[in-house]
Amino acid sequence: MKYSDYYAALGVERGASQDEIKKAYRRLAQKYHPDVSKEPEAEARFKEIAEAYQTLKDPEKRAAYDELGRRPQGEDFRPPPDWARQHAGGEQFSFDDMDFSDLFSRFGGARGAGPFARGNSSMPGEDFEVPAEISIEDAFSGTTLNLQLSMPEYDANGGIRRVPHLVKARIAPGAVDGQRLRLPGKGGKGFNGGRAGDLYLDITLKPHRLYRATGHDLYVDLPLAPWEAALGASVEVPTPGGAVNLKVRPGTSSGQKLRLTGRGLPKPRGGAGDLYAVAQIVVPQELSERERELYGELQGASQSNPRGNLESA
Amino acid sequence: MSLEPEVLWLDEQRVVSLAELVDLSGLTQEEVLELVHGGALPVREMRGTICTFSAQVISVARTATRLRDELELDMAGLGVALRLLERVRGLEDEIARLRALLPRS
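As given, the protein sequences belong to chains A and B, one line each in that order.
Using our numbering, read the first sequence as starting at 12 and increasing by one per residue.
Using our numbering, read the second sequence as starting at 15 and increasing by one per residue.
See below:
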């Protein structure tokens, strides 16, 4: 396991009072709580802060932590035999598959506050919430996610071990950004017959080369040549279900949205969003002699004034 | 290894009772009702003692539990935080919709 410097995580001295520790935690928690923070790495930072506070706020756990001595952050570490004898229930206790944080959460197991100490009483397993990123193609057709999770589980002594779990979740078509899914009983295992926790998936859509999604609607840029926009055209537009022909009306302007009803992402309980092709008039960067001639002719013949609305009355 | 577990969509079509919401969120019944009365948890139907919610509310209620436990917010603070988070979510959705209209290049 890797040593964590809990005092450094909270930005306090090792001799800090309980009140100073609490204040430091509150200040940092407000800044990094993943439900409210937009700071980069907020979730990982909050996890460190919360883990440090869980141990340092409890005088008994803090004393045991202090007994481990001061070490560099992230140093490979194993509790010394004396410490194991005193706090973990014996020198033979195995620290394999344990995180540093598990060391202190199992405390009650040996000392009287955790599930083991509650005799035969059961404890429900922990719920987990994990982000799951899927592609727009997956949202359209559905997909199966293979989630590799490391979940803390109670061992027979009421201690906690990290156990790898592979959870296979079939996601039906129609899951879009912000959709949450619940997998009952797929969270952490309960202790002593307690029910298993749930797994929650928080779906986000990966950015796509062509499409931009908002809810079940999709937007795609539709480049048009100036003459296609002016004269109208029939053009092929990509959609997740396959390319379709779209009639562009004469006089189409840049930025105009052309709707393809029901060609967006399917909705989970029937129906589908729309796909909007957003017209972008693309002017040739280099003109041949002939093209220059024709544009010149057009300039002379056209009555159109694109800046008419800027002229004062 | 688990095979094909049940996957429940937490959307507006799925209905949960007050008891289920309490069970899934970790809030107490009193806390849920206080947040309902303060307008921070939208209720689907309230008839006498019967109170139902759309399953989307489960995520909001679980957020409330995390904020209560991890930021040590009281009920008044929780209500304000949930309403502000909802406003932020609405504005983020609106920004995403407007960004989708912008050409990629």
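Where a beta carbon is used, it is the ideal one built from N, C-alpha and C, also for glycine.
Interface residues of chain A facing residue i [CB-CB closer than 9 Å]
i	result
Leu24 of chain B	Gln190, Arg191, Leu192, Arg193 and Tyr211
Chain-ordered neighbours of residue i on chain B, where CB pairs are closer than 9 Å
i	result
Asp30 of chain A	Correct list: empty, because the minimum Cβ distance to chain B is about 14 Å.
Asp46 of chain A	Thr77, Arg80, Leu81, Glu84, Leu85, Ala95 and Leu99
Ala40 of chain A	Glu84, Leu85 and Glu86
Below-9 Å beta-carbon distance, residue i vs any chain A residue
i	result
Pro56 of chain B	no
Pro117 of chain B	yes
Gln43 of chain B	no
Arg103 of chain B	yes
Leu49 of chain B	no
Leu92 of chain B	no
Ala114 of chain B	yes
Ser31 of chain B	no
Backbone CA spacing between residue i and residue j [nearest angstrom]
i	j	result
Tyr306 of chain A	Leu192 of chain A	56 Å
Arg76 of chain B	Leu24 of chain B	12 Å
Tyr165 of chain A	Gln97 of chain A	20 Å
Pro117 of chain B	Ala143 of chain A	27 Å
Arg25 of chain A	Asp69 of chain A	14 Å
Asn157 of chain A	His51 of chain B	41 Å
Ala150 of chain A	Arg97 of chain B	29 Å
Ala19 of chain A	Asp87 of chain A	17 Å
Gly91 of chain B	Arg80 of chain B	13 Å
Gln29 of chain A	Leu67 of chain A	8 Å
Glu62 of chain A	Leu229 of chain A	41 Å
Gln70 of chain B	Gly226 of chain A	15 Å
Arg173 of chain A	Asp77 of chain A	24 Å
Glu302 of chain A	Ser264 of chain A	21 Å
His72 of chain A	Ile171 of chain A	What sits at residue 72 of chain A in the sequence shown is Lys, not His. Rounded to whole angstroms, Lys72 of chain A to Ile171 of chain A spans 15 Å at the Cα level.
Val294 of chain A	Arg103 of chain B	38 Å
Pro218 of chain A	Leu276 of chain A	15 Å
Glu26 of chain B	Ser68 of chain B	5 Å
Asp213 of chain A	Pro317 of chain A	47 Å
Arg81 of chain A	Gly93 of chain B	41 Å
Leu309 of chain A	Glu239 of chain A	15 Å
Pro19 of chain B	Gly196 of chain A	9 Å
Arg223 of chain A	Asp108 of chain A	42 Å
Lys13 of chain A	Leu115 of chain B	47 Å
Pro51 of chain A	Gln314 of chain A	54 Å
Residue-chain proximity (residue i, chain B), Cβ-Cβ < 9 Å
i	result
Ala124 of chain A	Only weak support is given to the placement of Ala124 of chain A: the predicted model assigns it a pLDDT of 45, under 50, and the question is left unresolved by the model.
Asp138 of chain A	yes
Gly196 of chain A	yes
Thr225 of chain A	yes
Gln296 of chain A	no
Asp108 of chain A	no
Tyr18 of chain A	no
Gly307 of chain A	no
Asp228 of chain A	yes
Val178 of chain A	yes
Lys268 of chain A	yes
Arg37 of chain A	yes
Ala75 of chain A	no
Min CB distance residue i to chain C below 9 Å
i	result
Asp88 of chain B	Among the protein chains of the structure shown, namely A and B, there is no chain C.
Counterpart residues of residue i in DSSP-defined beta bridges
i	result
Asn203 of chain A	According to DSSP, Asn203 of chain A bridges with nothing at all.
His176 of chain A	A:Leu160
Asp87 of chain A	A:Lys13
Arg28 of chain B	In DSSP, Arg28 of chain B forms no bridge with anything.
Ala224 of chain A	A:Leu229
Phe139 of chain A	A:Leu210
Leu192 of chain A	A:Leu212 and B:Trp23
Pro234 of chain A	A:Gln291
Closest residue to residue i among the options (Cα-Cα distance)
i	options	result
Glu86 of chain B	A:His44, A:Leu114, A:Glu50 and A:Pro51	A:His44
Ile145 of chain A	A:Ala290, A:Arg172 and A:Val187	A:Val187
Asp16 of chain A	A:Ala183, A:Glu59 and A:Lys33	A:Glu59
Asp209 of chain A	B:Asp88, B:Asp37, B:Glu44 and B:Leu99	B:Asp37
Leu21 of chain A	A:Arg37, A:Phe111 and A:Met162	A:Arg37
Arg101 of chain B	B:Asp83, B:Val74, B:Ala114 and B:Arg82	B:Val74
Ala110 of chain B	A:Gly153, A:Gln267, A:Asp108 and A:Gly189	A:Gly189
Leu221 of chain A	A:Ala288, A:Trp238 and A:Ala180	A:Ala288
Ala74 of chain A	A:Lys258, A:Leu39, A:Ala27 and A:Trp238	A:Ala27
Arg206 of chain A	A:Pro135, A:Gln159 and A:Ala240	A:Pro135
Asp285 of chain A	A:Pro249, A:Ser315 and A:Ile32	A:Pro249
Leu8 of chain B	B:Pro19, B:Leu22 and B:Glu59	This structure cannot speak to residue 8 of chain B, because chain B is shown only from 15 to 119.
Phe139 of chain A	A:Phe111, A:Asp113, A:Asp108 and A:His176	A:His176
Leu269 of chain A	A:Pro234, A:Ala55 and A:Gln159	A:Pro234
Interface partners of residue i on chain A, CB under 7 Å
i	result
Ser73 of chain B	Arg191
Arg111 of chain B	Thr225
Beta-carbon neighbours of residue i, restricted to chain B and to distances below 7 Å
i	result
Gln291 of chain A	Pro117
Pro279 of chain A	Trp23 and Asp25
Leu232 of chain A	Here residue 232 of chain A turns out to be Asp, not Leu, going by the sequence shown. The answer, in chain order, is Pro117 and Arg118.
Proximal residues of chain A, C-beta to C-beta of residue i below 8 Å
i	result
Glu34 of chain B	Residues of chain A passing the Cβ test: none, with the nearest at roughly 11 Å.
Chain-ordered neighbours of residue i on chain B, where CB pairs are closer than 8 Å
i	result
Asp69 of chain A	Under the 8 Å cutoff, chain B gives no residues; its nearest Cβ is about 15 Å from Asp69 of chain A.
Ala61 of chain A	Glu84
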